[in-house]
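Chains A and B, in that order, give the protein sequences. 3 is the number of the first residue of the first sequence in this note's numbering; add one for each residue after it. 736 is the number of the first residue of the second sequence in this note's numbering; add one for each residue after it.
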Amino acid sequence: MASMTAEKIAGSVRERLGAKCLDCTVRNAKRVYIGVAPKDWPETAKYLCIDRKCRFNIASGYQTPGGFEVLYHFSFNEGDENGEGPRTGVVLSVRVKADGGENPVLPSVGKDIKAFNFIERELYDLLGIRFEGHPFPKPLLRAEDWPEDFFPLRRTEKRAELDYKAGCGTESGP
Amino acid sequence: MKSIVPIGPFHPLQEEPEHFRLHVDGETVVGLDIEIGYNHRGIEKLAETKTWEQVVFLVERICGICSTSHPIASVQAMEDCGNVEVPERALYIRSIVGEMERLHSHLLWLGLAGHFLGYNTVFMWAWKHREIVLDLFEKICGNRNHYAMMKPGGVRKDIPDKFAPEILAGMDELIPALEMYLGAVSDDPVIHARTKGIGVLTAQDVLDYCALGPTVRASGVAQDVRWDHPHAAYDRVDWKVITHPDGDVFAKAAVRVLEMIESCKIVKQCVEKMKPGPIDSDPKEIGPGEGIGHYEAPRGETFHYCRSDGANRPVRYKVRAPTFMNLPTNYTSVIGGSITDATIILAAIDPCYCCTERTAAIDYRSGERVLGAKDLIRLSQEKTRRLRREYGVEEPEL
């Protein structure tokens, strides 16, 4: 039953997005992963948040050997078919591979949907993914003394690892 | 006179430092700046250097109050990633520990909310009743906080059957106490005046911000990860999602108190229904892939995502605490209200308390300090006293 729900949700999303849905995997009864291109991402986000009334959980960025990708997680809080009993919740994750190689860029959704505002700022601070058209691109977590090109969650960023070995309170500062 | 009132960033009662700047015109808040990131500890980066079992201990240290919500979400993410089965008894134990944590967290909130409103008796009562839960925790896991109960595949320690009568007695003692709070709150005209219609968030507001937990449920939206995404033992016991339609500070307090009564019921049922059996499936490895885990912490859903390449540690670990989504709702709830209500509105999302002791009001033009931390609490408590006189309610003796 639960597996049907995940497959049903995956099917309806795939149907709506058509060729824009690059891939779609139903990993288990509660987890669905789909992929879209950056240019189709704002439309997908609006479809999921506004039309399907999903709850945006959060986004998580990752540096792959080939570039950067962001996974946007959405909760489907729809009840079961009768709308009764504990619901069989499904999390749908949308994988968007950023353009721009070392200087990744994605279109901002924060300008249309408030809930994306903070996380897009965080993704820039920690991974250096720039969101084009963000309404308020101010640092959120970034410390004032970080160099401008310092993005600690990048796998190519060796300075972040050195800091752990040096520990806090060394002569060069924490 | 236009002023900027900075609140924060650090306060011993909050586990997440944040800095608010209230732009105040006369007594009305006309603007709000929120800054976070003062205590960025690099937990996500650190998690990449720890083994799976160590990550659970690491995320336990994210928050002192939700110290079991993060581990539950974390082990669920790992189990999702590695397709690990969890024995039934472990699921019940997870629910028991999680609900007892909700009890002590909500009691802490209730006490502090009372203090800010000038009801110090509530503060002391809440602390007294919180002690019941903390004593039980000490008995179960040896610690009043940081229980170290969760591990991928199950739980680390069993709850022996001989503890059952004591846990049940503790819950039976708490339920009448919580009902007393409800009674005291619902017939006090001063509390109504201080909390009703204050900091209102409509259902549309909370949905727009994708807010979480009691903040959402107090605006009439029945959203609860325990209900929407059944896990642990929540689909095996009888309980209901508490909502309140009003969206103000009163609604948030009412939801929290009623939720505590539900928590007591869940703990009692879990203790009674738990059957003897294994508590750990002892997975040897977390296979390659991605996993998502979430748990309804006292403040709302905590969300964990992990990615594994099949080695003994994650290659990416993402944590989203509930306050990250609840904090922006202050842009809507605080602006337009009075400065005397700002402390309680900021506190109403339970942001891990509202840093008032580090507060100083600065004159807009000269930069001179005009209002200190204690002054804001004093302002709030004075308003309650003034209302008590207006309503002819007697001043409680302390």
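Ideal Cβ placement from N, Cα and C applies to all residues, glycine included.
Note down, in chain order, each residue of its chain lying with its Cβ closer than 6 angstroms to the Cβ of residue i, except the 5 sequence neighbours on either side.
i         : result
B:Leu852  : Arg929, Thr1119
B:Cys1089 : Because the pLDDT of B:Cys1089 is 29, which lies under 50, any placement of that residue in the model is unreliable, and the question is left without a value.
B:Val976  : Ala957, Asp959, Trp962
B:Arg1100 : Because the pLDDT of B:Arg1100 is 47, which lies under 50, any placement of that residue in the model is unreliable, and the number read from its coordinates should be weighed accordingly. The answer is none, since no qualifying residue turns up.
B:Gly1160 : In this structure chain B extends from 736 to 1133, so residue 1160 of chain B is not present and cannot be described.
B:Arg756  : Ile739, Pro741, Asp768
B:Arg837  : Ser998, Pro1033
A:Tyr64   : Glu71
B:Phe985  : Thr930, Lys931
A:Ala47   : Val111
B:Tyr827  : Ala968, Cys1005, Met1009
B:Ile1084 : Thr950, Asn1061
A:Lys167  : Because the pLDDT of A:Lys167 is 48, which lies under 50, any placement of that residue in the model is unreliable, and the number read from its coordinates should be weighed accordingly. Taken in chain order, the list of residues that qualify is empty.
Can you list the residues of chain B that residue i reaches, using a CB-CB cut of under 9 angstroms?
i        : result
A:Phe58  : Cys945, Met1060
A:Tyr64  : Arg1042, Val1050, Arg1051, Lys1053
A:Arg33  : Asp815, Glu1025, Gly1026, Ile1027
A:Asn105 : Under the 9 angstroms cutoff, chain B gives no residues; its nearest Cβ is about 20 angstroms from A:Asn105.
Go ahead and label residue i buried or exposed: buried means 16 or more other beta carbons lie within 10 angstroms of its beta carbon, across all protein chains shown.
i         : result
A:Gly175  : Here A:Gly175 scores only 41 on pLDDT, less than 50, and its place in the model is too uncertain to base an answer on.
B:Asp1076 : buried
B:Gly1102 : Below a pLDDT of 50, predicted positions are generally treated as unreliable, and B:Gly1102, at 49, falls in that range; no measurement from the model is reported.
A:Ser2    : No statement about residue 2 of chain A is possible, as the shown extent of chain A runs from 3 to 176 and does not include it.
B:Thr1037 : buried
B:Asn774  : exposed
A:Thr158  : exposed
B:Ala953  : buried
B:Arg1121 : exposed
A:Lys32   : buried
A:Phe138  : exposed
B:Asp815  : buried
Taking Cβ-Cβ distances shorter than 7 angstroms, what residues in chain B pair up with residue i?
i        : result
A:Leu142 : Ile771, Gly772
A:Lys116 : Asp943, Tyr944, Pro1063
A:Leu155 : Glu779, Lys780
A:Phe133 : Here the premise fails: no neighbours, minimum Cβ distance about 16 angstroms.
A:Gly91  : Asp963, His964
A:Glu120 : What sits at residue 120 of chain A in the sequence shown is Phe, not Glu. Per Cβ cutoff of 7 angstroms: Phe1059, Pro1063.
Between residue i and chain D, is any beta-carbon pair separated by less than 7 angstroms?
i        : result
B:Phe792 : Protein chains in the displayed structure are A and B, and chain D is not among them.
Alpha carbon to alpha carbon, how far is residue i from residue j?
i         : j         : result
B:His850  : B:Leu1114 : 12 angstroms
B:Asn1061 : B:Val857  : 25 angstroms
B:Met859  : B:Gly846  : 7 angstroms
B:Asp896  : B:Asn880  : 22 angstroms
B:Lys892  : B:Cys945  : 35 angstroms
A:Ile60   : A:Ile131  : 15 angstroms
A:Thr7    : A:Ser77   : 13 angstroms
A:Gly171  : B:Tyr969  : In this prediction, A:Gly171 has a pLDDT of 42, which is less than 50 and means its spatial position is unreliable; what the coordinates show is noted afterwards. The straight-line gap from Cα to Cα measures roughly 46 angstroms.
B:Thr937  : B:Pro1057 : 19 angstroms
B:Trp862  : B:Ile910  : 15 angstroms
A:Pro115  : B:Asp760  : The sequence given here has Ile at residue 115 of chain A, not Pro. Cα to Cα, the separation comes out at about 29 angstroms.
B:Glu753  : B:Gly772  : 7 angstroms
B:Val791  : B:Gly1071 : 42 angstroms
B:Cys876  : A:Ser95   : 36 angstroms
B:Ala989  : A:Arg161  : 49 angstroms
B:Glu762  : B:Met915  : 34 angstroms
B:Glu770  : B:Lys987  : 24 angstroms
B:Asn855  : B:Gln1116 : 10 angstroms
B:Glu1007 : B:Ile831  : 11 angstroms
B:Pro1013 : B:Glu823  : 8 angstroms
A:Leu19   : A:Ala117  : 22 angstroms
A:Leu128  : B:Asp973  : 42 angstroms
For a contact meaning CB atoms closer than 8 angstroms, what does residue i contact in chain A?
i         : result
B:His775  : Leu143, Ala145
B:Gln958  : Arg57, Asn79
B:Phe1038 : Asn59, Ile60, His75
What in chain B is Cβ-close to residue i, meaning under 8 angstroms?
i        : result
A:His136 : Those do not exist, as A:His136 stays about 14 angstroms from chain B at its closest Cβ, beyond 8 angstroms.
A:Phe178 : What is shown of chain A runs 3 to 176, which leaves residue 178 of chain A out entirely.
Which residues in the same chain have their Cβ closer than 8 angstroms to the Cβ of residue i, if we skip the five residues on either side of it in sequence?
i        : result
A:Glu134 : Val107, Leu108, Pro109, Ser110
B:Lys874 : Phe898, Glu901
Give a yes or no on contact between the segment 896–912 of chain B and the segment 993–1009 of chain B, applying the rule of three or more CB pairs nearer than 8 angstroms. Yes, since at least three Cβ pairs between the segment 896–912 of chain B and the segment 993–1009 of chain B fall closer than 8 angstroms, the two stretches touch.
Three or more C-beta pairs closer than 8 angstroms, one from the segment 93–103 of chain A and one from the segment 39–52 of chain A: is that the case here? Yes: the two stretches touch, three or more of their Cβ pairs being nearer than 8 angstroms.
Are at least three pairs of beta-carbons, each pair with one atom in the segment 866–873 of chain B and one in the segment 970–985 of chain B, less than 8 angstroms apart? Taking a cut-off of 8 angstroms for Cβ pairs, the segment 866–873 of chain B and the segment 970–985 of chain B do not touch, as fewer than three such pairs fall below it.
Is the segment 1054–1068 of chain B close to the segment 936–953 of chain B, with three or more CB pairs under 8 angstroms? Yes, they touch.
Can at least three beta-carbon pairs, one atom from the segment 782–790 of chain B and one from the segment 1048–1059 of chain B, be found at a separation below 8 angstroms? Touching, yes, given that three or more Cβ pairs across the two stretches are closer than 8 angstroms.
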